[in-house]
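Residue numbers (my numbering): 1 to 127. All C-beta atoms, glycine included, are put in the ideal place defined by N, C-alpha and C.
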């Protein structure tokens with residue numbers, strides 16, 4: 001199974017730490033300017049995905065959504081969520097930790113693209 005979004009070991013460790021502090025978590029990347037252009041981590045229920053959001057999968061057991069317009073730009077890539085030192089998004093839960101989540105990516109291979117097209121469980125397909 002091809003995953004549209006994955007996380008590095010450092011990101012998974014931070015997710016686990018944040019889950020211990022805040023409980024169930026939720027990720028969203030809107031593609032907007034400033035804070036919204038980075039993956040943001042919220043307590044589950046603190047942010048509701050809208051009709052223009054696409055569920056890409058889960059990282060560390062947490063749902064990960066992206067704005068549909070932004071997904072159009074990234075649909076040919078696998079998102080790799082990492083964590084780096086620095087000030088993150090002001091509303092994202094990792095901000096007090098002195099680190100921020102960051103999206104890296106890699107192009108899907110032709111075989112992975114075909115696998116995604118034929119995967120009935122791919123949540124990014126429009127109805």
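Closest by CA to residue 42, which one among 31, 62 and 50?
-> It is 62 whose Cα lies nearest to the Cα of residue 42.
Tell me whether residue 58 sits in a helix, a strand or coil according to DSSP, three-state version.
-> Reduced to three states, the DSSP call for residue 58 is strand.
Simplified DSSP state of residue 78, which is helix, strand or coil | Correct three-state label for residue 78: strand.
For residue 109, I'd like the list of residues in its chain whose CB is within less than 8 Å of its CB, leaving aside the five on either flank, ordered along the chain.
-> There are no such residues.
Would you give the residue range spanned by the beta strand (DSSP E) that residue 102 belongs to?
-> For residue 102, the enclosing beta strand (DSSP E) starts and ends at 99-107.
Simplified DSSP state of residue 213, which is helix, strand or coil = With the chain covering 1 to 127 only, the question about residue 213 has no answer from this structure.
Indicate the three-state DSSP secondary structure (helix, strand or coil) for residue 63 in the structure shown.
-> In the structure shown, residue 63 sits in a strand (DSSP, three-state: E or B).
Coarse secondary structure for residue 93, derived from DSSP in three states | Of the three classes helix, strand and coil, the one that applies to residue 93 here is coil, per DSSP.
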